[in-house]
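J.: Residue numbers (the numbering used here), protein chains in the order written: chain L, 125 to 282; chain V, 47 to 491; chain Y, 27 to 876.
No residue lacks a Cβ here, since even glycine has one placed at the ideal position from N, Cα and C.
This structure is a prediction, so every number in the text was calculated from the model and none was measured.
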Amino acid sequence: MILNKESVALMQKKASQYPRRKSGILPALTIAYRQVGHLNDQIYREIAKAINVPYVEVAEAATFYTMFPKQPTGKYLIQVCHNISCALLGADSLVEYLEQKLGIKKGETTKDNLFTLISVECLGSCATAPMMQINMDYYENLTRAKVDKILEELRAKA
Amino acid sequence: MTFYSPVITNAAEVAGSDKLHLFRYVEDANQTKIETYESHGGYGTWRKVLTTKKPDDVIAEVKASGLRGRGGAGFPTGMKWGFIPKDSPKPRYLVCNADESEPGTCKDRVIMERDPHAMIEGMAIAAYAIGCHLMFVYIRGEFGHCIETVDKALQEAYAKGHLGKNVYGSGYDLDMIVHSGGGAYICGEETALLNSLEGEKGMSRIRPPFPAIEGLYACPTIVNNVETLTTVRHIMERGAQWYRTMGTEKSPGSKIFSVSGHVKRPGNYEVELGFSLKKLIYDPQYGNGILGDKKLKGVIPGGASTPFLTPDQINVGLDFESMTSVGSMLGSGAVIVFHEDTCIVWAILKLIHFFRHESCGKCTPCREGTGWLEQIIRRIEHGGGKPGDIEKIEDICGNILGRTICPLGDAAVMPIQSAVKHWRDEWQYHIDHGKCLVPTRFEFV
Amino acid sequence: MSTSTTTQPAVKMVTLTINDQSVTVPKGTTVLQAALGAGIHIPTFCWHPKLKSVGACRICYVEIEKMPKLQVSCATEATDGMVVKTESDIVKRGRKAVLEFILANHPLDCPTCDKGGECDLQNLTFAHGLDDSRFDFLKRRHIVPGVPSTFDDLRIGPEIMLNRNRCILCYKCVRSNKEAFGEYDIGAFERGNAMEINAAPGEQVANPFSGNLVEICPVGALTNSDWRYKIRVWLTQTTPSIDIFNSSGSNILFYKEDHKNRIFRTISRRNDEIDDGWITDVARYGYQLVHSPDRLQKPLMKKGSKQVPVEWEEAVAFVARRLAEIDDTKGCVCIGGLASPTLDLDSLHSFSKFMRKVIGTNNLDFRIDYRSLPEKPDSAFSTLSSQPFTIAEIDTSDVIFVFGSDLVKEHPNEYLRIRKARNFGRPLVYSVNSFNVKSADVADREFIYAPGTEEVFINGLCLAAIEENPGLSGADGLKRKISPADLNSAAKTCGVSAEDLKALARTLINGKKISFIVGDQVSLSRDREVIAAALCNLNRLVGITSRGQMAALARYADSIGAEKLGLIPNPHPDVKRALTDLWGGFPEMAGYHTEGMFSQMLKGELDAMVILGANPVAMYPDHEAVAETFEKLDFLVVADLFETETTAMADVVLPLASWTEFAGRYVNLEGRIQKAERAIKPLYESKPAYAILADIAAAARKPLFSSAREREEEIEKVLACTTVRPWPGDYLDVRPPAIDKDPAYPIMLIIGDDPHHRCYVTEKAASLVKFCSDAYIELSPELAEKFKVEDGDAVRVESKYGKLMAPVKVSRVLEGDVVFLPRNFSVTRANSLVSRKARIDWVRINKVSG
Ligand SMILES: Cc1cc2nc3c(=O)[nH]c(=O)nc-3n(C[C@H](O)[C@H](O)[C@H](O)COP(=O)(O)O)c2cc1C
Ligand code: SF4
Ligand code: FES
């Protein structure tokens, strides 16, 4: 079992709130993602069993939604918004800056397994661009100095 | 204190106005707490409605206010509620659409982060109006902090008896579930949202049947935007007549506009409908002019799915009708400003990449067409454009427009069509010279 | 054979104009269907007549006056006064555009694609497409890791290959799988233009209806590995036939190669009254047993202790002589016969005449299954199983009650029918069984009664109905005839609460049109007469058949035919009269049915048996006892397709031709007579049963018929008799016998068909063996946990009567102390665990370590 007891209990509780159990699939994926940091077939199976829905439907839903990585990532998943409002304020060069600072290319994970860098679609932070999301947290109105500080803090925390 | 976005708002102006209302308390860090909210009269309207008004009165009042949906399509809210079948034995559902994923749009977030109870109160009133006992808010999954804030507010509302069994002793039961999405713009489209809420892939459904007849779990369902439902609370507090003192005849009231891109002061601003777009961009209280005092090149007035306006078109009111008259749409009220250093092909590539990525994949024209368009536009942007590409783009756009299940297909092609129309030479230059007329390079500072 | 007397509410009609033609259709019809009905063709990809419209592919565009945009006709309802154009310029352009989008990423590999010649996309492109592709990029390609093939083919099921490059994402496979079949082994993953169809990750598409997915794929994305690359479709001939592996008789089409005597594949031949165009995998792949290398090729005769091949003449003469000898020495009462209810009408009637006229005995039966019962001509069960039933009536029923049946295994067609009714009409569906069954997934609610309490449950339902509506006629009379006679004790005994019984009774009382299906748990029960009596009472009390239909459904392809032709010792009086008239006489003796014949054999009072297409040694309960019984025979002649446990004991074994090798007629569970045409010539030296019987009769100098025509005319005359037995004129006694239970054997054993097999023959069909090759013990997750076993672990199952070993399959359906064992595998001898004397088959299980 990859999922722990708390996650399973939470999934079951959430699923039971809806008029139909199947509605619990997306909440369950979120719960699993928060515990594990990514999703995979084994997790879909466990979710299907936990909330008693067909396995294939869990897998279909999971692969449809792009928020959940399907492969392990570094401890911190950096997601830079590359959509239009952020791009107008330098999102592309923000990605380059991060690549340079972390010594990796977009899509890669640092050797110490601390950071994975990707870019994503609009995160609803358009008037505070450029921005990035690290795991579940938003970092907005970014500048070089801010980015430096954020990375430092995360490194220190790790 | 829970996290919230540092985005600029015009809360001060709103607080000083006796009309604007949505942003009145959004700079008050305590507003998320139920005590503060109640001290501002919060939940009083819900209590008044539930204990003194009939559901039909609420619908009538909202109809009279002329409120139109703030999610993008601008459909009259009261009229939509009226479509709920009166005699159906099935349960009815209300779903608040907080998927906010249209590029440029970041307004609903402010309400959820800073005034979540106002949304919940609006939802409760709407639920009562349509006879719903279980309502949902569908929040995009990336908004972890919003979900937390709304969840917390919800628990407080239950604890205080504003929700739950037999609310205020009225005999009316009302429950609410916070549902988080998984990263899919299409789930903002109401039928895709309903599928997603049911645990399916977020793929759009063909209409009819419309959600008001067969929505969530095949039961009558109303889907409304966060801002729409929050506004309902204010309309029911102060009345349709008051509401109509704002805005225009056909677009009454106020609305939040997210201003982003090349302006000096990006932010979320609540203004009356019909407010001047130019003023919103240039007035120091709002956008405060173009970044680096460069020349304006174009504006997307209503989020990434609306057609571009050129500088000569911005002297226009921000209301549904005026926007249509200049060939664009009010959409979600996301004003994205581009200055002269922006290559139009570069900008369109960003957009078409987005729509291709977000197409649900159900209907052929959108699924295949967006992919094809992206490949052609990428080739032009990277210097490999071929003669005839522009015409091909126009033709493909024409084959998608109006031919898809849901409006995402239209959304994907309308900005492209307008960009080709307004800046055709720039496209041509790109193809002929294999490079931009305007070398776009936006540095991150 | 419609049973419904209720009048349908008048359907509102609408009239619209399509291409200047006025068309009137019932309200609710789509524009597409209105057009198709009027003979106007509109292309479609994602639409399927038996699935909900999704409007995804967009090829079915039409222009509708007053609507600014093109509309998809498959999802647009026809309304009064609508003016539709299906061939205007704008429609043509729209269609072309969609084709261009679809072809953008569709490979141009038609020459090597197995769908070539029957591909919707190929045909449409030819008819409407552009001359040249404007898409000048690399096409999307899904590469299968580790497979160096240019076809990028992926095996996703025992018989299904997937080529995702060719897939046009109409989603019909995924939709039909979930919607029509209730199966969840194929899905659509990812999104947008990265979307792909595939099996559930790490799993196989192996559901009992999986072959349909290939059939409805409009392109060559899903192909059948049984058939592909063997032959091109334009080099084949087709023959209409029917599915003889189940009692509905789905309509099918065989494909054979022009110049070879070999069937290549089976597809459906849609008949909306029976099958809606869906066939089971058993129907689809079952034909392969015909070409099994194990087919009997020549007659065999026991010489010494060995069976050796002989010529037909010798075998036939020998049989005729031996039967005559036994008749002479011991009398015709000492000869009996069994014929399979999967044989055609000609064979069955020939058998009846052979036994009765040539030999002169009434010792004959077609009930080769489990636990036949003492025969009473007026028995309640005979009544229940002779009632008319119409499959299509399920569509419009508002209450569907399935009692004691796992439909997926017993009546898969009816299962799909109920699913369709749920998708389109929303009836209330109840599934009531003594253990959890897969088919309960279509039910609004599943009720589980305690093992062996069927009649108590039905009594409870009657009592609940009386409580709900005390005015029901004769309620008091009923109460005196049943025990227990109070609702609460009935509820307690059967384990379904009084509240639930009342809710069920209410729906039965209020239902406007009821379909009440009685399945194997009743039909094969030792106490089926008692249960049937309870059901007769229920019908008398609430009047189910006055508002619908109720029947114990026939189980085999020609069970009803056999019943109607009088293949039991004491047939319906009308049938007996007809036969007497035709033959100028009828044996006087009473005759023994299957069970009776076996007892007589054991006592040494029945010395010869003629068996056609049946294998009682492997299928009948009490394996050891039955085998012993057969050993006592002086003379046994068996005709079959294969060597079986029963042929192994025979003095003469005759090779039987299969249903594909001659034209035959079969009567399905509705009483519908259907024909299976001859697809190929009989293989080897096999012959149809009627021909074999004719030969033996001729050798005995008592010819059966003067001509095929005479045979046919006799059959017509007999079939013209009604065999529907009237409901009893009063309430019947229902006193439930006590349930014997030994604590040493705490687990209930269920024996039946694996969803991919039928009886003892399908293990010879290569494809079906790929789905399931061996017996298994399916047990509930609770039992798996208790015995610490997982899939594949061996367990020993033991009853009072025998024991065997099989690998475990942990069930997704079963709950509690119940295990299932398929009866389809000869080496496993499932029938050694069960006894004719028991009502419930109790067993214990042990893990086999090591
Ligand atoms: C592709 C697409 C995305 C949409 N996204 C959103 C969204 O994020 N939030 C929203 O409120 N409405 C969104 N909508 C509009 C909804 O479909 C729906 O019209 C709206 O939620 C109705 O609410 P309203 O009447 O209050 O505007 C979207 C529509 C489309 C076609
Ligand atoms: S338009 Fe795009 S997003 Fe909408 S249904 Fe069609 S494929 Fe899905
Ligand atoms: S057949 Fe109508 S949209 Fe596919």
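Given 7 Å as the limit, tell me if S231 of chain V has its C-beta closer than that to any heavy atom belonging to ligand 1.
T.: Locating residue 231 of chain V in the second sequence gives position 185, where the first residue counts as 1. Correcting the residue type first, residue 231 of chain V is Tyr in the shown sequence and not Ser. Because some heavy atom of ligand 1 lies under 7 Å away, the Cβ of Y231 of chain V counts as near it: yes.
J.: Does DSSP put T33 of chain Y in a helix, a strand or coil?
T.: By 1-based counting over the third sequence, the position of residue 33 of chain Y is 7. Reliability of the predicted coordinates at T33 of chain Y is poor, the pLDDT of 46 falling under 50, and the value obtained from them is presented with this limitation in mind. DSSP places T33 of chain Y in coil when its eight states are reduced to three.
J.: Can you look up A832 of chain Y in the DSSP assignment and give me helix, strand or coil?
T.: As a first step, residue 832 of chain Y is located in the third sequence; it is residue number 806 there, counting from the start. In this structure, A832 of chain Y counts as strand in the three-state DSSP scheme.
J.: Report the three-state DSSP secondary structure of C412 of chain V (helix, strand or coil).
T.: The residue given as residue 412 of chain V occupies position 366 in the second sequence. Note: C412 of chain V maps to helix in three-state DSSP.
J.: Name the chain L residues that come within less than 7 Å of H163 of chain V, Cβ to Cβ?
T.: Working through the second sequence from its first residue, we reach residue 163 of chain V at position 117. Result: empty, since nearest Cβ-Cβ is about 21 Å, beyond 7 Å.
J.: At a cut-off of 7 Å, is F71 of chain Y close to ligand 3 when judged by its beta-carbon and the heavy atoms of the ligand?
T.: As a working note, residue 71 of chain Y is residue 45 in the third sequence. Flag set: Cβ of F71 of chain Y near ligand 3.
J.: Which first and last residues belong to the alpha helix (DSSP H) in which A469 of chain Y is found?
T.: The count along the third sequence starts at 1 and reaches residue 469 of chain Y at position 443. Neither: A469 of chain Y is in no alpha helix (DSSP H) and is coded neither H nor E.
J.: Can you name the residues of chain V whose CB is closer than 9 Å to the CB of V177 of chain L?
T.: Position 53 of the first sequence holds residue 177 of chain L. Near V177 of chain L (Cβ distances below 9 Å), the residues of chain V are G245.
J.: So within the stretch 214 to 253 of chain Y, which uninterrupted alpha helix (DSSP H) runs reach at least 4 residues, ignoring any that extend past its ends?
T.: Listed in chain order, they are 237 to 242.
J.: What do you get for L164 of chain Y, buried or exposed, if any count of 16 or more other CB atoms within 10 angstroms of its CB means buried?
T.: One-based indexing of the third sequence puts residue 164 of chain Y at position 138. Per the 10 Å Cβ criterion, exposed.
J.: Return the Cβ separation of C145 of chain Y and G275 of chain Y in integer angstroms, given the expectation that the two are a contact with Cβ distance under 8 Å.
T.: Taking the first residue of the third sequence as position 1, residue 145 of chain Y is located at position 119. Taking the first residue of the third sequence as position 1, residue 275 of chain Y is located at position 249. Not really, about 30 Å apart at Cβ, beyond 8 Å.
J.: Can you give me the Cβ contacts of H74 of chain Y inside the same chain, cut-off strictly under 8 Å, excluding the 5 residues immediately before and after it?
T.: Counted from its first residue, the third sequence places residue 74 of chain Y at position 48. Excluding sequence neighbours, H74 of chain Y sits near K198, R201, S202, I242.
J.: Using the three-state DSSP reduction, which class does K379 of chain Y fall into: helix, strand or coil?
T.: In the third sequence, counting from the first residue as 1, residue 379 of chain Y sits at position 353. K379 of chain Y falls in the helix class under three-state DSSP.
J.: What does E184 of chain L reach in chain Y if we use C-beta pairs closer than 8 Å?
T.: Start at 1 with the first residue of the first sequence, and residue 184 of chain L comes out as number 60. Per Cβ cutoff of 8 Å: G213, A214, F215.
J.: Could you please give me the residues that DSSP links to Y475 of chain V through a beta bridge?
T.: Along the second sequence, read from residue 1 onward, the residue named residue 475 of chain V stands at position 429. Y475 of chain V pairs with nothing; no bridge assigned.
J.: Would G120 of chain Y count as contacting chain V if we go by Cβ distances under 8 Å?
T.: Against the third sequence, residue 120 of chain Y aligns to sequence position 94. For G120 of chain Y, the answer is yes, since a Cβ of chain V falls inside 8 Å of its Cβ.
J.: Going straight from the alpha carbon of V491 of chain V to that of D216 of chain L, what length do you get?
T.: Mapped onto the second sequence, residue 491 of chain V falls at position 445. Mapped onto the first sequence, residue 216 of chain L falls at position 92. Taking the straight line joining both Cα atoms gives about 12 Å.
J.: Entirely within the stretch 475 to 509 of chain Y and at least 4 residues each: give me those alpha helix (DSSP H) ranges in chain order.
T.: Segments of the alpha helix (DSSP H) lying fully in the stretch 475 to 509 of chain Y: 480 to 494, 501 to 507.
J.: Under 8 Å Cβ-Cβ, which residues of chain V neighbour R144 of chain L?
T.: Residue mapping note: residue 144 of chain L aligns to position 20 of the first sequence, counting from 1. Correct list: E244, G245, Y263.
J.: With DSSP as the reference, identify every bridge partner of H385 of chain V, one or two as the case may be.
T.: On the second sequence, residue 385 of chain V is found 339 positions in, with the first residue counted as 1. Its beta-bridge partners are V:L342.
J.: Could you check whether the Cβ of F490 of chain V sits closer than 8 Å to any Cβ belonging to chain L?
T.: What you label residue 490 of chain V is simply residue 444 of the second sequence in a count that begins at 1. Yes, contact with chain L.
J.: Nearest to E816 of chain Y by alpha carbon, out of Y:L859, Y:N297, Y:D766, Y:V874?
T.: Numbered from its first residue, the third sequence carries residue 816 of chain Y at position 790. Cα-wise, what sits closest to E816 of chain Y is Y:V874.
J.: Using a cut-off of 8 Å between C-beta atoms, extract the partners of C409 of chain V located in chain Y.
T.: As a position in the second sequence, residue 409 of chain V is number 363, starting the count at 1. Those within 8 Å of C409 of chain V in chain Y are G81, A82, C83, R84.
J.: Spatial neighbours of F415 of chain Y within its chain, please: CB distance less than 7 Å, with the 5 preceding and 5 following residues excluded, ordered by chain position.
T.: Position 389 of the third sequence holds residue 415 of chain Y. Q575, A577, L579, L695, E696.
J.: So, with DSSP's three-state summary, where would you put K204 of chain Y?
T.: Sequence index remark: in the third sequence, residue 204 of chain Y carries index 178 (1-based). In this structure, K204 of chain Y counts as helix in the three-state DSSP scheme.
J.: Cβ of G81 of chain Y versus every heavy atom of ligand 3: is any distance shorter than 7 Å?
T.: One-based indexing of the third sequence puts residue 81 of chain Y at position 55. Yes - ligand 3 has a heavy atom lying nearer than 7 Å to the Cβ of G81 of chain Y.
J.: Taking C-beta to C-beta, are H492 of chain V and E146 of chain V nearer than 8 Å?
T.: Lying outside 47 to 491, the shown extent of chain V, residue 492 of chain V is not represented and no answer is given.
J.: So, is the C-beta of S249 of chain L closer than 8 Å to a C-beta in chain V?
T.: Within the first sequence, numbered from 1, the residue matching residue 249 of chain L stands at position 125. S249 of chain L counts as touching chain V.
J.: Apply the 10 Å Cβ neighbour rule to S140 of chain L and answer buried if 16 or more other Cβ atoms are within range, or exposed otherwise.
T.: Taking the first sequence and counting its residues from 1, one reaches residue 140 of chain L at position 16. Its Cβ having fewer than 16 others within 10 Å, S140 of chain L is exposed.
J.: List the residues that DSSP assigns as beta-bridge partners of M774 of chain Y.
T.: If you number the third sequence from 1, residue 774 of chain Y lands on position 748. Answer is Y:V844, Y:W868, bridged to M774 of chain Y.
J.: Cα separation between A346 of chain Y and G363 of chain Y?
T.: The residue given as residue 346 of chain Y occupies position 320 in the third sequence. The residue given as residue 363 of chain Y occupies position 337 in the third sequence. One C-alpha to the other measures close to 14 Å.
J.: Measuring only from the beta carbon, is R84 of chain Y closer than 7 Å to any heavy atom that is part of ligand 5?
T.: As for ligand 5, it is missing from this structure, which binds only ligand 1, ligand 2 and ligand 3.
J.: For the stretch 439 to 467 of chain Y, which residues have a beta carbon sitting closer than 8 Å to at least one beta carbon of chain L?
T.: Answer set for the stretch 439 to 467 of chain Y: empty.
J.: Across which residues does DSSP place H225 of chain V in a beta bridge pair?
T.: Reading the second sequence from its first residue, position 179 is the one you call residue 225 of chain V. BP columns for H225 of chain V point to V:Y184.
J.: For F542 of chain Y, report the span of its beta strand (DSSP E) as first-last.
T.: Taking the third sequence and counting its residues from 1, the one referred to as residue 542 of chain Y is at position 516. That run of the beta strand (DSSP E) goes 540 to 544.
J.: Where S147 of chain L and V196 of chain V are concerned, what is the direct C-alpha to C-alpha distance, given to the nearest angstrom?
T.: Here residue 147 of chain L refers to the residue found at position 23 of the first sequence. Here residue 196 of chain V refers to the residue found at position 150 of the second sequence. Roughly 19 Å separates the two Cα atoms.
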